[in-house]
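J.:
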Amino acid sequence: MSTQTDVLIVGGGVSGLSIAWWLAQAGLPVEVWEADARPGGKIESHRQDGYLTERAASLLMNFRPEVTEMVREAGLEEEKIGRSAIAESRRYLWHAGRLQTLPMQLGSMIVSPIWSWRGKLRLLAEPFLPAGGHEDESVSEFIRRRLGREMLDKAMEPFIAGTLAADPDLTSASAALPRLTALERRYGSLTAGILAHRLLRRRTACRADTFSFHDGMETLIKTLAATPGVCLHTRHRLLAIERGRDGWEAVAATPLGERRIRAKELVLATPAGVSAALVQPLDVELAQLLNGIRYAPIKVVHLGFDRAAVGHALDGTGFLVPRNEGLPLTGNLWMSSLFANRAPAGKVLLTAYLGGARTPGVADWTDTRVVDETLGVLRRVLGIRGEPELVRLDHHAEALPLYHGAYQARIRAIGERLEQTPGLHLEANYRGGVSVRDRIYCARTVAGRIRARAVQAEANLKTAHALSGLA
Ligand SMILES: Cc1cc2nc3c(=O)[nH]c(=O)nc-3n(C[C@H](O)[C@H](O)[C@H](O)COP(=O)(O)OP(=O)(O)OC[C@H]3O[C@@H](n4cnc5c(N)ncnc54)[C@H](O)[C@@H]3O)c2cc1C
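Residue numbers (my numbering): -16 to 454.
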């Protein structure tokens, strides 16, 4: 069977589905091919015995008006569930053998026992330091230069390991912390930049908002997948692409055999390695650039306990673990403190993360070892007695792309190769940020580009018709 579509999007994760949603809003019909039996890619919410666990993203930290627009226009406002007040106010760090509150404001940082006086004075010196750095500067170099070693060890390293699964010594600062590095470039210092933004935000930007949905992050996926104008085909694994006469030809393996399609625009919203294999016959250099992107494994351990079995108040988001503390976890989110309905009444749900670039060997650990190590840490840190009543593991062999090395140069080179291949778009979490927020934001940009090309093509066609009428 051979068919035709304006836009074919390959990959039904949040990247591909968000592009499809923005295109459908602009009136462009799109077809989405997803290899799996369900859309969502990494994102999947799971209900078991009254607990709701998330395989990957568990919340959306938003400050982008585009995300607010999508949530509103997709009719998701009613489905939203906000972070509880208790979780909003506090997060913890495992430091010097105990849980300590991580200061969120400069004022509380000054009195916090986490930082030494030397470290605090170093922080206060930030506005007086000259701007510097270079494009390939790592997160560690950038933070040490601006805020000092303690800020790196006790805040940024655990943050980068906990949220990006990455190693700050290798991670590109401008790729992983684009807003912070931009502040230095624009205002000369982070402090001046933050102050300027606080003043401006009052008049312009959207309010920061952390949320999920009552039935989990999968609500977003289901809603995007059901958008009118978006034709989603699951169990469609793209096998090959070719340049066609008027765009692209693609072939997928489906349960009913091979399916071929012609598309004017082709979006590969697949992991870098998959995209590399698909573009290899067209552009070896592009394939090499994509193949150079490494991914880190993560194991996610969900544990449900009776509330009475946990000694700690669980009065916050959870805790992060710096690398020099020697624990096997990068962090632990207290899901039932974050969102009201993640555990049955009188129970708590704790989700721990292991692996990443810090401990890639975790990928080879047996399930028993992963659970035992996690339980060992949580018993010590949170004063847990008794056994969990829920144990669930999620494995990601390739959890997140690592923005390691000269990442911006790599991404720029990918962009330059794509300029030689009009009508081909590569958009997934290895480009422009891994968070759901960044995926939705980047999707709008690529959808805008595709729409502009469609409008131009239409105008060209009209001109050609008019000219042929004159001839
Ligand atoms: C453990 C973990 C926790 C996270 N927590 C958060 C969080 O709290 N908040 C947040 O904002 N982000 C979080 N993230 C990040 C976020 O979940 C991911 O970056 C995002 O979901 C990736 O979306 P994607 O569409 O780019 O890729 P994917 O979800 O990987 O989607 C790619 C899709 O392509 C499909 N595919 C592959 N090959 C083919 C083919 N040949 N043909 C057709 N389809 C194909 C795959 O089946 C898949 O569905 C987390 C990630 C992980 C791993």
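Glycine included, every Cβ here is placed at the ideal spot set by N, Cα and C.
(1) Considering Cα atoms alone, identify which of Glu120, Phe125, Asp136 and Tyr336 is closest to Ala389.
(2) Grab me the residues of Ser123's own chain with a C-beta within less than 6 Å of its C-beta, minus the 5 sequence neighbours each way, in chain order.
(3) Would you report the Cα separation of Ala456 and Arg414, rounded to the nearest angstrom?
(4) Less than 8 Å between the CB atoms is what I'm expecting for Thr164 and Ala156, so what's the real figure, rounded?
(5) Measure the alpha-carbon distance for Phe46 versus Ser418 and round it to whole angstroms.
(6) Skipping 5 residues on each side, what residues in its chain have a beta carbon closer than 8 Å to that of Lys282?
(7) Give the straight-line distance between the Cα atoms of Arg420 and Asp192, rounded to the nearest whole angstrom.
(8) So, does the segment 216 to 231 touch the segment 356 to 370, judging by three or more C-beta pairs under 8 Å?
(9) Distance, Cα to Cα, Phe142 vs Ala9?
(10) Since Trp532 and Leu249 are thought to touch, with beta carbons under 8 Å apart, how far apart are those beta carbons, to the nearest angstrom?
(11) Can you list, in chain order, the residues of its chain with a C-beta nearer than 6 Å to that of Glu308? Leave out the 5 residues immediately preceding and following it.
(12) Using 7 Å as the threshold, is the C-beta distance between Thr351 and His285 below it?
(13) According to DSSP, His197 sits in a beta bridge with which residue or residues?
(14) Grouping DSSP H, G and I as helix and E and B as strand, with all else coil, what is Trp98?
(15) Would you identify the three-state DSSP class for Gly240, choosing helix, strand or coil?
(16) What is the DSSP secondary structure of Leu11, reduced to helix, strand or coil?
(17) If contact is defined by three or more beta carbon pairs under 8 Å, each pair taking one atom from either stretch, is the segment 287 to 305 in contact with the segment 320 to 331?
(18) Unbroken beta strand (DSSP E) runs of length 3 or more, entirely within the segment 297 to 355: which are they?
(19) Thinking just about the alpha-carbon of each residue, which of Leu59, Leu450 and Ile177 is nearest to the one in Leu166?
(20) Can you find a heavy atom of ligand 1 that lies under 6 Å from the Cβ of Glu17?
T.: On the basis of the supplied data:
(1) Glu120
(2) Leu135, Pro151 and Asp152
(3) Since the first and last residues shown for the chain are -16 and 454, residue 456 lies out of range.
(4) 5 Å
(5) 12 Å
(6) Tyr336, Leu337, Gly338, Val345, Ala346, Trp348, Val353, Leu376, Asp377, His378 and His379
(7) 11 Å
(8) no
(9) 37 Å
(10) No statement about residue 532 is possible, as the shown extent of the chain runs from -16 to 454 and does not include it.
(11) Trp77
(12) no
(13) Its beta-bridge partners do not exist; DSSP assigns none.
(14) coil
(15) strand
(16) coil
(17) yes
(18) 301 to 303, 312 to 317 and 330 to 338
(19) Ile177
(20) yes
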